[in-house]
Amino acid sequence: MFITYILAVIFILPDQVFCQNRIINGFSAKNHQFPYQVSLSRSTIWGVPSEIKSSHFCGGSIVNESWIVTAAYCVYKLSATSKIHVLAGKHFLNETEIHQQNRIVVSVVIHKYYPGYYAQHDIALLKLNEPFIINNYVKIVALPKSNETPDADVYWLSGWGSVSRDDRSTMSNELKTYYVPIIDLNTCRDSMNEAMVHMELFHTQICTGPLLGSIIVAPCIGDSGGPLVKNAQYGPKLVGIVSWGLKPCGVSPISSVYTRVSSYVDWIRNITNSNRLPQNCMDICFL
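Under full-length UniProt numbering, the first residue of the sequence shown is numbered 1, with each subsequent residue one higher.
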């Protein structure tokens, strides 16, 4: 599930770049180790949650009882919000679990400067039809300070993304995780240039190095929108949102790219703390 990305940049590099949806070379998470992690799924029948056979397509994180943060790429092509289901309190996606909570998305707010595909400002907020009940299995993740710079430390990925390195989207039933180091943008650019991948990077993004010893760890298809967190003093802190990377997942020692959450903390809080969204935001909008 930490291997590839979601098809984000194939119009320029069709055989190389994709949006991340899975974690390759990850290991099984402990039950409810990441209670802020959610699965975004589509219902095959309007209004019917996909509880038994998941149609998981992206991850996300709970930023308050009524709002999820995810990657804009996951949702910007959707024509309606009513078919997006948010599953929290999950460990095994394809099983009905006693602690799970299911919600429906009623509004999607995409960052107004997100241009589509792989790019900066790859961030979106999802408003739920009713708040989550916060407990030991469903929790809110802490946000960093505005424009806080991530330090050189170990960070944790989690998700249900694809566990296959080829173009098949074989999603993981069990939540997977792994730890990765953050690397500076110059090192990230150098690794891509050496691989003849000329992608622009911005200060609103961060990179992780997939190479830990002899193991290449990378998000993959289905991991997009999911969290990159640091275990801070007062609990997990959301540092990044899985954005894009190179395919096939977990094969090339190329950095993975994330939206840097600290660049958008004020944007997140302004929207999630508002009592009412603008009239044009009743379904999908750019703010």
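C-beta atoms are modelled at their ideal positions from N, C-alpha and C, and glycine is treated no differently.
Alpha-carbon to alpha-carbon, residue j and residue i
| i | j | result |
| --- | --- | --- |
| residue 290 | residue 132 | As displayed, the chain neither begins before 1 nor continues past 287, which places residue 290 out of reach and without an answer. |
| residue 98 | residue 39 | 16 Å |
| residue 87 | residue 179 | 24 Å |
| residue 173 | residue 276 | 37 Å |
| residue 288 | residue 257 | No information on residue 288 is available, as it lies outside the stretch 1 to 287 that the chain covers here. |
| residue 190 | residue 196 | 10 Å |
| residue 151 | residue 182 | 8 Å |
| residue 106 | residue 145 | 28 Å |
| residue 134 | residue 148 | 27 Å |
| residue 112 | residue 245 | 23 Å |
| residue 286 | residue 109 | 6 Å |
| residue 140 | residue 198 | 36 Å |
| residue 207 | residue 229 | 13 Å |
| residue 103 | residue 201 | 34 Å |
| residue 194 | residue 118 | 20 Å |
| residue 270 | residue 264 | 10 Å |
| residue 130 | residue 184 | 39 Å |
| residue 57 | residue 159 | 11 Å |
| residue 186 | residue 260 | 15 Å |
| residue 28 | residue 243 | 22 Å |
| residue 289 | residue 78 | What the structure shows of the chain is the stretch from 1 to 287, and residue 289 is not part of that stretch, so it cannot be assessed. |
| residue 192 | residue 157 | 21 Å |
| residue 89 | residue 188 | 34 Å |
| residue 225 | residue 37 | 10 Å |
| residue 32 | residue 91 | 7 Å |
| residue 136 | residue 85 | 21 Å |
| residue 268 | residue 280 | 18 Å |
| residue 55 | residue 83 | 11 Å |
| residue 175 | residue 143 | 22 Å |
| residue 128 | residue 234 | 26 Å |
| residue 68 | residue 59 | 10 Å |
| residue 95 | residue 231 | 28 Å |
| residue 9 | residue 266 | For residue 9, the pLDDT reaches just 35, beneath the cut-off of 50, and the residue's location in the model is therefore unreliable, although a value from the coordinates is still provided. Straight-line Cα distance between these residues: approximately 28 Å. |
| residue 93 | residue 278 | 34 Å |
| residue 161 | residue 41 | 12 Å |
| residue 262 | residue 255 | 20 Å |
Residue burial classification, residue i (beta-carbon count within 10 angstroms, cutoff 16)
| i | result |
| --- | --- |
| residue 209 | buried |
| residue 116 | exposed |
| residue 101 | buried |
| residue 171 | buried |
| residue 34 | buried |
| residue 223 | buried |
| residue 154 | exposed |
| residue 177 | buried |
| residue 282 | exposed |
| residue 30 | exposed |
| residue 114 | buried |
| residue 273 | exposed |
| residue 70 | buried |
| residue 120 | buried |
| residue 227 | buried |
Residues bridged to residue i (per DSSP)
| i | result |
| --- | --- |
| residue 92 | 174 |
| residue 286 | 110 |
| residue 39 | 59, 87 |
| residue 231 | 236 |
| residue 181 | 154 |
| residue 257 | 207, 244 |
| residue 64 | 67 |
| residue 27 | 177 |
C-beta neighbour in chain B for residue i, strict 8 Å
| i | result |
| --- | --- |
| residue 29 | Given the protein chain composition of this structure (a single chain), no chain B is represented. |
- Could you tell me whether the stretch 58–77 touches the stretch 122–136, where touching means 3 or more Cβ pairs closer than 8 Å? yes
- Message: Suppose only complete runs of 3+ residues qualify. What are the beta strand (DSSP E) ranges in the stretch 81–164, listed by chain order?
- Response: 84–88, 101–110, 124–128, 154–159
- Task: Pair every Cβ in the stretch 230–245 with every Cβ in the stretch 62–71, then say whether three or more of these pairs are closer than 8 Å.
- Result: yes
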